[in-house]
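Here the sequence shown is numbered in the numbering used here, starting from 3 and rising by one per residue.
For every residue, glycine included, the Cβ atom is placed at its ideal position computed from N, Cα and C.
All values reported here derive from a predicted model rather than from experimental measurement.
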Amino acid sequence: MINHSESGFQESLPNRNNSVVEQGIADFIITPAQVSMKVGLYQHDWDDCIKRGLTPEFIIERIKDGTLYSFTINYRNKLPHFPHIIGSELVEDVLVMRFSKAEPIRKRQEFAQIKPKKEFYRNGKRLKYLSPSGVQSQAYIPPDCKAITEGMLDALVGRCRGGISIGALAGVSHFRKALPEGHGYTILFDADGRDNPSVIGNLYHAGKHGKCKIQLIPRIKGEPKAGIEEYFKAGYTADDFKQLIESALKPDDFLRQIIDELNIQASPKLVEYLIKLAANNWTEFETLAVISNLEKRKIIDKPMSSCLRKKVKVILRKTEQKKHKVSTVKQERPAWQDDRLIETRRLESLFDDHFGDKLQYDIIKQVSYYEGKPLLEQKLERECCKLLDKDLTKYRVLDAAYIHAKHHEYNYPKIYLNEVKKLHPETNGVIERVARKILGVDHPLEIEYLKRWAVGAVKRVHEPGCQFDTALILQGAQGLLKTSFFVELAGFDAAGKPLFHKESRDLKDKDAIISMHRHWIVQLDEIEVAVTRHETGTMRNFMDARYDSFRHPYGRVTEEMPRRFVLCGTVNPQRFLVDEHGNRRYWVIAVKKKIDIDLVKELRDQFWAEAMHLYEEGCSSYLTDAMQVLSNELNKKYEVEGTWDEMVEEFLQSRIAPVSTTEIYQHLDVEPSEYRRHDVWLNKCLTRLGWTKNKFRYQGQAPKHYWEKPNQTNREAE
């Protein structure tokens with residue numbers, strides 16, 4: 003903000019709360035005679051800003067916040083920190099571009115650039131902008147700044163035309179003067195940066211200093227020094243600008259790109275500088291490989307190649323001498339290049355410097371990815387051995403890679419849920435719409451099932467290992483696309499792999515448990531088989547568990563992993579529940595029509611956005627006591643025991659001879675294909691009635707298992 007009270011024109015400052023329409027453009031165009039009373043731009047400065055691509059509304063906002071204003075310098079107020087103007091007795095009109103937070107023209111310690119109406123030259127080169135001397139360099143950092151460029155007006159054009167907040171510096175050499183180490187802003191520089199050796203070097207070191215990425219404006223025909231202004235004048239759009247910034251490169255990748263873009267017209271001076279820059283920052287192997295590549299592309303000839311190789315050797319030798327001479331001082335070269343350090347420290351440094359955030363760990367899939375692709379272990383091992391020039395064991399490399407990747411882990415469902423919540427702040431009961439329109443639900447409790455199960459799925463993502471011991475079951479005829487409903491709700495991760503998994507193996511199987519932990523929504527395949535294949539206690543314990551202990555493939559220790567997945571299931575027959583004590587864990591929705599999968603895809607984002615809003619509002623993932631009582635009543639129509647227990651007891655009342663389970667199933671009209679899924683229930687039923695199971699020969703048949711009453715004597719000896 004301009005310090006208007008000190009400059010003497012506080013009373014005539016425009017009201018910042020008035021709209022542009024109310025004040026009018028004319029209020030912000032002033033004459034030199036008004037400069038001591040009013041803030042604004044001279045007409046030629048206004049016209050210049052419009053010509054560069056700034057809108058009137060944007061210019062007025064920058065006048066209001068003190069970023070731009072016109073000023074007149076004369077012999078009475080010459081500024082000692084602008085030596086270009088000292089010695090001139092002429093009155094000079096200038097456009098002030100304020101970097102700092104106070105009025106710089108009147109304060110020696112503040113920083114601004116000025117654009118004079120008169121032309122100034124240095125060493126035969128015209129100076130478009132004049133920077134102060136003897137003043138600490140400062141950066142213009144607007145709110146939500148994403149990138150930094152050279153020159154205030156280019157930054158303002160990027161903000162106005164590109165819709166991205168762009169900061170500014172006085173020049174390429176100011177990146178390390180005006181910005182703190184590790185600032186992280188993307189460096190966006192003019193197109194001629196790729197042809198100027200000193201600029202390339204400054205950009206590279208600025209990127210290292212700021213731990214940030216670098217990007218250059220693309221070459222534009224007829225504009226060899228094209229900046230952001232020329233970029234938009236060439237027809238590029240705001241979307242192009244956003245993509246340009248997002249595609250910025252890390253310093254080493256930027257240097258590689260500059261080298262790769264060299265052609266046979268490249269000046270020897272530029273080539274030599276790039277090789278020296280590489281030699282000072284890369285390994286000998288990498289630098290010599292670059293020279294070989296340039297020779298192969300005929301950019302340099304053999305004599306120059308030989309000369310460059312010698313210079314690389316000299317640079318590396320001097321670097322090595324310096325490193326050994328000052329062992330207590332922080333090394334300029336990466337630690338992984340110091341063969342005096344232990345392997346573990348060198349590997350840590352190598353992964354930090356060479357791989358960075360390209361190596362990430364997906365905590366759902368439990369897999370490391372390099373540049374978005376699954377990590378190839380053998381390729382990684384060879385790369386590390388080559389860079390360190392040392393034979394390393396596979397496990398040493400993989401351990402270091404795992405530790406590094408874990409520091410850059412990500413949870414895709416969590417990222418997805420946060421994104422859809424922002425995209426859909428209002429969802430208007432979409433979960434109920436899915437229940438009614440897609441699943442054909444009409445009972446209010448079944449709608450609550452779907453809603454609270456979705457909240458449980460969100461909770462498991464944000465609170466891994468939280469208690470959630472229920473499964474959502476879709477019951478209905480075959481061919482209604484019940485499983486497809488869960489597949490589309492789960493969706494896919496960033497690599498295109500499904501977050502849904504169907505598990506048919508034994509629940510105690512280690513591989514089955516690992517597979518479940520690699521997904522978000524897990525379907526117990528044929529739930530009616532799953533609930534009868536296992537003892538009811540085993541099934542309850544599995545669903546109650548919040549953590550699972552297992553050792554990852556190729557891992558060396560057992561880890562306790564919190565559950566991030568929720569359970570679901572599908573079933574065709576109506577009666578399938580056999581655990582009178584554990585049926586509360588099954589929320590059964592009767593599907594009455596074929597599911598519209600296209601509509602599921604369309605509403606998926608809104609579905610999960612509403613679940614996120616409900617979770618953040620404190621919605622429970624469990625039923626209330628009243629709901630649970632009603633749920634117990636509804637589940638009775640899905641219980642097997644309620645109908646068949648009495649039929650079995652009646653069938654066996656007058657029975658004296660041993661009986662097989664096949665006979666009982668035939669009496670109950672059960673299909674042979676369904677015998678297995680009812681075995682647990684039938685065994686419990688017969689045991690409760692006092693029958694025991696034994697294997698013996700009966701009626702001349704081969705020995706097999708029969709059920710008999712105690713003290714029966716009518717069986718044959720085996």
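| Asked | Found |
| --- | --- |
| Would Met154 be called buried (16 or more neighbouring beta carbons within 10 Å of its own) or exposed? | buried |
| If you draw a straight line from the alpha carbon of Thr694 to that of Lys594, how long is it in whole angstroms? | 42 Å |
| For Val559, which three-state DSSP category applies? | coil |
| What residue range does the alpha helix (DSSP H) around Gly620 cover? | Taken as a continuous stretch (DSSP letters only), Gly620 belongs to no alpha helix (DSSP H), as it is neither H nor E. |
| So what does Tyr233 bridge to, in DSSP terms? | Answer by DSSP bridge pairing: none, since Tyr233 is not bridged. |
| Among residues of its own chain, excluding the 5 on either side of Leu43, which ones have a beta-carbon nearer than 8 Å to its beta-carbon? | Phe30, Ile31, Ile32, Cys51, Ile61, Ile65, Leu70, Tyr71, Ser72 and Leu97 |
| What are the boundary residues of the beta strand (DSSP E) that Leu441 is part of? | Segment: none, Leu441 is in no beta strand (DSSP E) and carries neither H nor E. |
| Taking 8 Å as the threshold, find out whether the stretch 246-258 comes into contact with the stretch 191-210 through three or more Cβ pairs. | yes |
| What is the DSSP secondary structure of Leu272, counted as helix, strand or coil? | helix |
| Three-state secondary structure (DSSP) at Val593? | coil |
| In three-state DSSP terms, what is Leu190? | strand |
| Which of helix, strand or coil does DSSP assign to Ile168? | strand |
| Name the DSSP beta bridge partners of Tyr372, please? | Leu361 and Lys375 |
| Tell me, please, whether the stretch 612-626 touches the stretch 426-436 by the rule of three or more beta-carbon pairs shorter than 8 Å. | yes |
| Among Arg348, Gly374, Tyr371 and Tyr363, which residue has its Cα nearest to the Cα of Leu390? | Arg348 |
| If you measure between the beta carbons of Ala157 and Ala170, is that distance less than 7 Å? | yes |
| Among Pro199, Gly186, Arg161 and Leu290, which one has its Cα closest to the Cα of Ile230? | Arg161 |
| Determine the DSSP secondary structure at Glu673, reduced to helix, strand or coil. | coil |
| Contact criterion: CB-CB distance below 7 Å. Does Thr395 meet it with respect to chain C? | Absence of chain C from the displayed structure is noted, only one protein chain being present. |
| Buried or exposed: Asp47, going by 16 or more other Cβ atoms within 10 Å of its Cβ? | buried |
| Pick out whichever of Lys381, Cys214 and Val201 has its Cα sitting closest to the Cα of Glu183. | Cys214 |
| Hey, how far is the Cα of Asn265 from the Cα of Lys130? | 31 Å |
| Is the stretch 494-508 in contact with the stretch 602-609, if contact means three or more CB pairs nearer than 8 Å? | no |
| Short of 6 Å in beta carbon distance, which residues of its chain neighbour Leu190, apart from the five on each side in sequence? Order them along the chain. | Ala149, Thr151 and Gln217 |
| Going by DSSP, name the residue or residues bridged to Pro564. | Tyr549 |
| Between the alpha carbons of Ser623 and Val524, how many angstroms are there, rounded? | 17 Å |
| Tell me which same chain residues have a C-beta within less than 8 Å of the C-beta of Tyr708, skipping the five on either side of it? | Pro660, Val661, Ser662, Lys695, Asn696, Lys697, Phe698, Tyr700 and Arg717 |
| Considering only DSSP beta bridges, list what Val631 is partnered with. | The partner list for Val631 (beta bridge, DSSP) is empty, contrary to what the question assumes. |
| Between the Cα of Arg542 and those of Lys300, Tyr617, Val41 and Phe470, spot the shortest distance and give me the residue it belongs to. | Phe470 |
| Determine which residues share a DSSP beta bridge with Asn696 and list them. | Tyr708 |
| Using the C-alpha atoms, what's the distance from Pro376 back to Leu754? | Not covered by the structure: residue 754. The range shown for the chain is 3 to 720. |
| Tell whether a beta-carbon distance below 7 Å holds between Leu296 and Gly203. | no |
| Are Glu421 and Val399 touching if we call contact CB-CB under 7 Å? | no |
| May I ask you to list the residues that DSSP assigns as paired with Leu476? | Thr572 and Ile591 |
| Rounded to whole angstroms, what's the CA-CA distance from Lys313 to Lys388? Just pull it up for me. | 23 Å |
| Applying the criterion that 16 or more other CB atoms from any shown protein chain within 10 Å of the CB defines a buried residue, is Asp393 buried or exposed? | exposed |
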